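Q:
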Amino acid sequence: MSESLPKNNIFKVIGASSLGTLIEWYDFYIFGSLAVIIGHQLFPEDAGASALINTLAIFAAGFIVRPFGALVFGRLGDLIGRKYTFLLTLVLMGGSTFLIGLIPSFKSIGYAAPILVLILRLIQGLALGGEYGGAATYVAEHAPKNKRGFFTSWIQTTATLGLFLSLGIIVITKNILGAEAFGDWGWRIPFLLSILLVVVSIYIRMKMHESPMFSKLKAEGNVSKNPLKESFNNKGNFKMVLLALFGATMGQGVIWYTGQFYAQSFLENTCKLDFNDSRYILLWGIAFATPFFVVFGAWSDRVGRKWIMLSGMLLGIIFYRPIYQIFLDDTDVSKMNLTEAVYMMPNVKHELIAGTNDSLYTSTTKVILKNGASFNKVQVDTISQKNGLLPAMEMIKDKVLPTPLFWKFVGLIFFQILLVTMVYGPIAAFLVELFPTKIRYTSMSLPYHIGNGVFGGLVPFIATLIASFAGSTPLSGLWYPIGIAALSLIIGTVYLSNKRDENIND
Amino acid sequence: MMNALKKFLGLIWMVLGPLAMTFLFIQAVDKVGLAHTDIERTNTILQWGIILFIFLPISLGLMIFGFYAWKGEYDKLPESSEEI
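As given, the protein sequences belong to chains P and G, one line each in that order. Using the numbering used here, the first residue of the first sequence is number 1, and each one after it goes up by one. Using the numbering used here, the first residue of the second sequence is number 507, and each one after it goes up by one.
The following block contains the structure:
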């Protein structure tokens with residue numbers, strides 16, 4: 001059946017499925033990319049770091065509900081079909097993203113603002129939980145058996161391309177509006193833009209037909225009566241769900257989020273790189289590495305899925321700490337040659353501390369090094385009526401790298417995303433082949449979203465938490481993804497089979 | 507040989523589940539105790555509450571996985587979904 005599908009039709013199927021999935025990832029990631037600004041806008045002004053932590057908690061909540069979305073929409077997809085289910089998830093995702101862009105600030109509506117964000121974020125998470133399994137299943141059920149890895153790998157590119165699109169639109173919007181206007185109101189634009197993308201995608205998806213395998217099941221009256229029960233109450237299937245989670249998706253999830261999310265967060269927050277620089281580095285890394293999703297997906301059709309995925313995990317375990325140590329060393333101002341540096345005229349701001357007669361003097365000096373690097377030295381003096389001048393607090397931020405170092409960082413990010421393509425490129429085909437058609441949507445969605453949503457999605461949150469413990473170093477947070485990837489590598493190596501189930505029409 | 511290794515590791519996974527939860531619980535109590543102010547304490551409880559809530563069923567899943575491995579359920583994997 002699927003073998004007879006003309007080549008141009010399969011590419012229409014891939015295109016229509018991928019576009020919608022890409023938009024869903026875009027919607028989901030703009031929130032993560034703008035977490036700091038949203039924290040300032042939607043939480044009390046004096047909350048400081050807690051605003052960021054609270055926002056990250058909401059971010060985590062978005063990921064935590066993904067497995068629930070997988071159950072709810074996976075069940076629907078196995079009952080009523082793939083096409084209508086992932087149309088519904090697209091509408092929910094697009095609508096909630098658009099509404100986040102409309103929420104008034106904390107100053108205007110108080111605690112209603114963070115509560116509304118939380119609710120919409122939960123809807124986003126639910127929708128995403130239902131989307132991916134549907135799209136991957138839909139494409140796999142159209143693909144010929146010897147090219148399943150190749151065709152489904154196009155779906156796999158969408159998560160990374162969604163991140164690329166979100167970063168690109170954020171950087172462009174910020175460059176057009178300027179930092180102040182962007183922080184004030186311009187951050188809403190990427191959210192509002194989503195509605196246009198979603199309308200286009202819904203139009204395209206409306207024209208698609210139901211998966212041939214699901215249509216056949218339906219025509220024969222063999223659609224599952226209770227997909228949740230058949231997926232998780234049947235020991236034979238449940239043990240495969242557990243194996244998929246602990247032997248593959250758990251390790252894949254942490255590799256994905258470390259290479260693409262934690263890396264950018266580390267460059268911006270720990271290394272204090274300039275907002276744009278940290279994003280440009282990631283954008284270039286993604287641009288160079290994305291084709292490898294398809295390379296590894298296609299290769300897995302020849303050599304099997306297992307060893308490609310596990311090799312990606314092994315390389316991450318070995319190289320993460322050396323890579324992040326290089327990031328730290330190369331951005332350490334104390335190791336830079338400042339002898340011929342140019343110090344620009346400081347920009348001084350004076351502001352009263354609310355409710356007191358004390359005031360803050362903030363002096364920002366731009367320092368330009370001979371090699372083209374630059375950074376801002378920020379000194380904050382408190383002038384107290386009672387105690388006079390209090391010791392200054394000095395910070396280094398907005399570091400801009402010299403060109404050779406910039407490309408070195410792009411190379412290191414590229415390598416990390418290459419590992420992502422190894423673990424992620426073949427995994428849709430791997431999951432599809434593990435489960436029978438009538439409960440495939442439900443069965444594959446749950447381990448995928450626990451692996452990615454919980455284990456992967458919590459990488460920035462848990463790594464930041466670990467790095468804040470007493471006695472920790474800036475690299476301590478990496479022990480979380482390294483430990484999880486190591487566990488998954490051992491389980492995958494010992495328990496997974498490298499054989500492919502060629503007939504998924506069962 | 508390989509099946510013996512799968513069974514032996516199954517025991518480790520069965521133990522690892524509750525061990526991981528115990529470790530997380532001790533960490534949670536420790537970190538909440540370190541919080542100085544009410545706001546800080548609330549934040550810490552929230553963070554660790556989320557972590558414990560989501561990892562509890564997962565560690566239970568790891569125990570079940572270990573139990574299945576110990577019972578030899580993974581000695582021969584199904585080669586097609588018809589065998590499931």
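Just so you know, even glycine gets a beta-carbon here, dropped at the ideal spot from N, CA and C. Being a predicted model, the structure only gives us computed values, none of them experimental.
Considering only their Cβ atoms, is the gap separating residue 442 of chain P from residue 296 of chain P smaller than 8 Å?
A: For this step, residue 296 of chain P is matched to residue 296 along the first sequence. For this step, residue 442 of chain P is matched to residue 442 along the first sequence. No, these two residues do not count as a Cβ contact at 8 Å.
Q: If contacts are defined as beta-carbon pairs under 8 Å, then residue 30 of chain P and residue 170 of chain P qualify, I think. What distance do you get, rounded to the angstrom?
A: As a working note, residue 30 of chain P is residue 30 in the first sequence. As a working note, residue 170 of chain P is residue 170 in the first sequence. Confirmed, about 7 Å.
Q: Along chain G, which residues have their Cβ under 9 Å away from the Cβ of residue 484 of chain P?
A: Locating residue 484 of chain P in the first sequence gives position 484, counting from the first residue. Chain G residues near residue 484 of chain P: none, gap ~11 Å exceeds 9 Å.
Q: Could you pull the DSSP bridge partners for residue 379 of chain P from this structure?
A: Your numbering for residue 379 of chain P matches position 379 in the first sequence. Residue 379 of chain P pairs with P:363, P:394.
Q: In terms of alpha-carbon separation, which member of P:173, P:239, P:257, P:65 lies closest to residue 569 of chain G?
A: For the purposes of this step, residue 569 of chain G is taken as residue 63 along the second sequence, with counting starting at 1. With distances taken between Cα atoms, residue 569 of chain G lies closest to P:239.
Q: Tell me whether residue 22 of chain P is buried or exposed, calling it buried when 16 or more other Cβ atoms sit within 10 Å of its Cβ.
A: By 1-based counting over the first sequence, the position of residue 22 of chain P is 22. Classification of residue 22 of chain P: buried, given that the 10 Å Cβ count is 16 or more.
Q: At least one CB of chain P closer than 8 Å to the CB of residue 593 of chain G: is that the case?
A: Residue 593 of chain G lies beyond the range of chain G shown here (507 to 590); nothing can be said about it.
Q: Pick out the complete alpha helix (DSSP H) segments inside the stretch 417 to 449 of chain P, 4 residues or longer, and give them in chain order.
A: Those alpha helix (DSSP H) runs which fall completely within the stretch 417 to 449 of chain P and span 4+ residues are 427 to 434, 440 to 449.
Q: In chain G, which residues lie with their C-beta within 9 Å of the C-beta of residue 454 of chain P?
A: Indexing the first sequence from 1 puts residue 454 of chain P at position 454. Ordered by position in chain G, the residues that pass the 9 Å Cβ test against residue 454 of chain P are 560, 561, 564.
Q: Tell me the start and end of each unbroken alpha helix (DSSP H) in the stretch 68 to 142 of chain P that is at least 4 residues and wholly inside, in chain order.
A: You should have 82 to 100, 106 to 109, 112 to 140.
Q: Taking residue 73 of chain P as the reference, which of P:110, P:133, P:98, P:32 has the closest Cα?
A: Your numbering for residue 73 of chain P matches position 73 in the first sequence. Of the listed residues, the one whose Cα sits closest to residue 73 of chain P is P:133.
Q: Quick check: is the beta carbon of residue 532 of chain G nearer than 8 Å to any beta carbon in chain P?
A: Numbered from its first residue, the second sequence carries residue 532 of chain G at position 26. Answer no: the Cβ-Cβ gap between residue 532 of chain G and chain P never drops below 8 Å.
Q: Considering only residues of the same chain and omitting the five flanking positions on each side of residue 311 of chain P, which have a CB-CB separation below 7 Å?
A: The sequence position of residue 311 of chain P within the first sequence is 311, counting from 1. Excluding residues within five positions, the ones whose Cβ falls inside 7 Å are 422.
Q: Over the uninterrupted alpha helix (DSSP H) stretch that includes residue 40 of chain P, give me the two end residues.
A: Within the first sequence, numbered from 1, the residue matching residue 40 of chain P stands at position 40. Start and end: 35 to 42.
Q: Is residue 347 of chain P helix, strand or coil when you go by DSSP?
A: Counting from one through the first sequence, the residue named residue 347 of chain P turns up at place 347. Three-state result, residue 347 of chain P: strand.
Q: By the criterion of Cβ-Cβ separation under 7 Å, what are the contact partners of residue 551 of chain G in chain P?
A: Position 45 of the second sequence holds residue 551 of chain G. Those do not exist, as residue 551 of chain G stays about 11 Å from chain P at its closest Cβ, beyond 7 Å.
Q: Roughly how many whole angstroms lie between the Cα atoms of residue 279 of chain P and residue 397 of chain P?
A: The residue given as residue 279 of chain P occupies position 279 in the first sequence. The residue given as residue 397 of chain P occupies position 397 in the first sequence. C-alpha separation (whole angstroms): 15 Å.
Q: Does the separation of the CB atoms of residue 563 of chain P and residue 465 of chain P fall below 8 Å?
A: Absent from the model: residue 563 of chain P. The displayed extent of chain P is 1 to 506, so no value can be given.
Q: Which same chain residues, not among the five before or five after residue 429 of chain P, have their C-beta less than 6 Å away from its C-beta?
A: Your numbering for residue 429 of chain P matches position 429 in the first sequence. Within the same chain, residue 429 of chain P has close Cβ partners 148, 149, 152.
Q: Residues of chain P with CB under 7 Å from residue 517 of chain G, in chain order?
A: Mapped onto the second sequence, residue 517 of chain G falls at position 11. Result: empty, since nearest Cβ-Cβ is about 13 Å, beyond 7 Å.
Q: How would you write the range of the alpha helix (DSSP H) that residue 577 of chain G sits in, first residue to last?
A: The residue given as residue 577 of chain G occupies position 71 in the second sequence. Looking at the DSSP string, residue 577 of chain G is not in any alpha helix (DSSP H), and its letter there is neither H nor E.
Q: Just the C-alpha distance for residue 345 of chain P and residue 369 of chain P, rounded to the nearest angstrom, thanks.
A: For the purposes of this step, residue 345 of chain P is taken as residue 345 along the first sequence, with counting starting at 1. For the purposes of this step, residue 369 of chain P is taken as residue 369 along the first sequence, with counting starting at 1. If you take the alpha carbons of residue 345 of chain P and residue 369 of chain P, they lie about 15 Å apart.
Q: I need the boundaries of the alpha helix (DSSP H) containing residue 151 of chain P, first residue and last residue.
A: The residue given as residue 151 of chain P occupies position 151 in the first sequence. Element bounds for residue 151 of chain P: 148 to 177.
Q: Using a Cβ cut-off of 9 Å, which residues of the stretch 340 to 366 of chain P contact any Cβ in chain G, in chain order?
A: The stretch 340 to 366 of chain P vs chain G, Cβ under 9 Å: nothing.
Q: Judging by CA-CA distance, which residue of P:349, P:479, P:65 is the nearest neighbour of residue 119 of chain P?
A: What you label residue 119 of chain P is simply residue 119 of the first sequence in a count that begins at 1. Of the listed residues, the one whose Cα sits closest to residue 119 of chain P is P:65.
Q: Should the stretch 481 to 500 of chain P be called in touch with the stretch 303 to 319 of chain P, which here means at least 3 C-beta pairs below 8 Å?
A: Touching, yes, given that three or more Cβ pairs across the two stretches are closer than 8 Å.
Q: Leaving aside the five residues before and after residue 258 of chain P along the sequence, list all residues of the same chain whose C-beta is less than 6 Å from its C-beta, in chain order.
A: Here residue 258 of chain P refers to the residue found at position 258 of the first sequence. Answer for residue 258 of chain P: 459, 481, listed in chain order.
Q: At the 8 Å Cβ level, is residue 64 of chain P part of the contact set with chain G, yes or no?
A: To locate residue 64 of chain P, count along the first sequence from 1; it is residue 64. Yes, contact with chain G.
Q: Residue 209 of chain P and residue 10 of chain P look like a contact to me (Cβ under 8 Å); what is the Cβ gap, rounded to whole Å?
A: Residue mapping note: residue 209 of chain P aligns to position 209 of the first sequence, counting from 1. Residue mapping note: residue 10 of chain P aligns to position 10 of the first sequence, counting from 1. Not really, about 12 Å apart at Cβ, beyond 8 Å.
Q: According to the neighbour-count rule (16 or more other Cβ atoms, all chains shown, within 10 Å of its Cβ), is residue 525 of chain G buried or exposed?
A: Start at 1 with the first residue of the second sequence, and residue 525 of chain G comes out as number 19. Classification for residue 525 of chain G: exposed.
Q: Residue 135 of chain P and residue 155 of chain P: beta carbons closer than 8 Å?
A: Counting from 1 along the first sequence, the entry for residue 135 of chain P is found at position 135. Counting from 1 along the first sequence, the entry for residue 155 of chain P is found at position 155. For residue 135 of chain P and residue 155 of chain P, yes; Cβs fall inside 8 Å.
Q: Taking only beta-carbon positions, decide if residue 239 of chain P is within less than 8 Å of chain G.
A: Position 239 of the first sequence, counting from 1, holds the residue named residue 239 of chain P. Yes, residue 239 of chain P lies at the interface with chain G (some Cβ there is under 8 Å from its Cβ).
Q: Measuring straight from C-alpha to C-alpha, what distance separates residue 254 of chain P and residue 354 of chain P?
A: Mapped onto the first sequence, residue 254 of chain P falls at position 254. Mapped onto the first sequence, residue 354 of chain P falls at position 354. Spanning the two alpha carbons is a distance of roughly 43 Å.
Q: In the DSSP assignment, what are the bridge partners of residue 145 of chain P?
A: Taking the first sequence and counting its residues from 1, the one referred to as residue 145 of chain P is at position 145. BP columns for residue 145 of chain P are empty, so no partner.
Q: Roughly how far, in whole angstroms, is the beta-carbon of residue 28 of chain P from the beta-carbon of residue 124 of chain P, given that I think they are within contact range, below 8 Å?
A: As a working mapping, residue 28 of chain P is identified with position 28 in the first sequence. As a working mapping, residue 124 of chain P is identified with position 124 in the first sequence. About 6 Å separates the two Cβ atoms, so the contact holds.
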